[in-house]
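Accompanying notes for the structure given below.
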Amino acid sequence: MSPRRIAEEAKRKCLDILGVCDHNSAENAGAVAEAAGRLGIHVFPGLEITSREEVHVLALFETLESALSMQDEVYAHLTGENDEAAFGSQVVASAEDEVLGFNPKLLLSAVTLSLESVVDGVHTRQGLAIAAHIDRKSFGLLGQLGLIPVRLALDALEISPRMTLEKARESIGLVLPLIRASDAHALREIGLATTSFALEAATVEEIRKAFLGLEGRRVIH
Numbered sequence: 077m078s079p080r081r082i083a084e085e086a087k088r089k090c091l092d093i094l095g096v097c098d099h100n101s102a103e104n105a106g107a108v109a110e111a112a113g114r115l116g117i118h119v120f121p122g123l124e125i126t127s128r129e130e131v132h133v134l135a136l137f138e139t140l141e142s143a144l145s146m147q148d149e150v151y152a153h154l155t156g157e158n159d160e161a162a163f164g165s166q167v168v169a170s171a172e173d174e175v176l177g178f179n180p181k182l183l184l185s186a187v188t189l190s191l192e193s194v195v196d197g198v199h200t201r202q203g204l205a206i207a208a209h210i211d212r213k214s215f216g217l218l219g220q221l222g223l224i225p226v227r228l229a230l231d232a233l234e235i236s237p238r239m240t241l242e243k244a245r246e247s248i249g250l251v252l253p254l255i256r257a258s259d260a261h262a263l264r265e266i267g268l269a270t271t272s273f274a275l276e277a278a279t280v281e282e283i284r285k286a287f288l289g290l291e292g293r294r295v296i297h
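Using this note's numbering, the final residue of the sequence shown is 297, and nothing's skipped along the way.
In structure tokens, the structure reads:
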């Protein structure tokens, strides 16, 4: 899952847009954006944040600076150090797949921020907050809380490749816009599930309009 290989696999599978969301970190998002940009693929830099309630939230941003700002807040509320013998190394790479260093933080752990605080932090930075893989019991919003809090200002809900949109509509309903994404942790998983959008440009604001059905923008299923 190095930056260059991710970009090449996305190109091979004819993807136009990628969301790069490592667990609790955005340190590799810039390298993927650089590698993918050379192939004509747009990258939204982001993070997959594990809230205090152990709910995964996808945070997507327009700029790398915004993603890294969110990373600063996450790191300030993240405890523990990575045990490479137990969990493997956490590589920070360049767009050419050179190893630049290793992240020592325990990125698989939960932050001390509440779910509401995570969503607020994303929106403060003009990003999109999407509840990740809600069809999964582990780390999914429904699996952890048993419901979708009415006051939680999520922009959308994500389902993983193992669930169809039809099944999601039956079991979850349409309280928020639904997207399908690959939740890829290996190259072969990239593009296993995708979502198409009618947009004028690949921007966070256009995606936001699509979620809201504004000005002809829409999510296409």
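The beta carbon of each residue, even a glycine, is placed where N, CA and C say it ideally should be.
For residue i, the nearest candidate out of the options (CA to CA)
i	options	result
CYS90	GLY116, ASN104 and ALA105	GLY116
VAL133	LEU230, PRO253 and GLU276	LEU230
GLN220	ALA186, MET239 and ALA205	ALA186
SER193	ALA135, ARG284, VAL295 and ARG81	ALA135
MET239	VAL251, ALA232 and LEU268	LEU268
ARG256	PRO237, ILE266, ALA262 and GLU246	PRO237
LEU300	HIS261, ALA260, GLU291 and LEU204	Since the first residue of the chain shown is 77 and the last is 297, residue 300 is not available in this structure.
GLU281	GLU129, THR270 and ARG294	ARG294
GLU138	ILE235, THR279, HIS153 and GLU129	THR279
PRO253	LEU241, GLU291 and GLU129	LEU241
Extent of the continuous beta strand (DSSP E) to which residue i belongs
i	result
ASP98	93-99
GLY122	118-126
According to DSSP, residues forming a beta bridge with residue i
i	result
LYS181	GLU157
SER272	ILE296
VAL168	GLY177
ILE206	LEU134 and ALA232
Limits of the alpha helix (DSSP H) - the one that residue i falls within
i	result
HIS261	Note, HIS261: premise wrong, no alpha helix (DSSP H); not H, not E.
ILE82	79-88
LEU144	140-152
ASP196	191-200
LEU288	280-288
GLU110	105-113
- Query: On the three-pair Cβ rule with 8 Å, is the segment 195-204 touching the segment 167-174?
  - Reply: no
- Message: Quick check: the segment 97-115 against the segment 124-132, are at least 3 beta-carbon pairs closer than 8 Å?
- Response: yes
- Message: Counting beta carbon pairs with one atom in the segment 156-169 and one in the segment 178-185, are three or more of them shorter than 8 Å?
- Response: Result yes; three or more Cβ-Cβ pairs closer than 8 Å.
- Query: Taking only runs of the beta strand (DSSP E) that begin and end inside the segment 217-257, which ones reach a length of at least 3 residues, in chain order?
  - Reply: 232-235 and 254-256
- Task: Take every Cβ of the segment 205-212, pair it with every Cβ of the segment 143-150, and state whether three or more of those distances are shorter than 8 Å.
- Result: The segment 205-212 and the segment 143-150 do not touch, with fewer than 3 CB-CB distances between them shorter than 8 Å.
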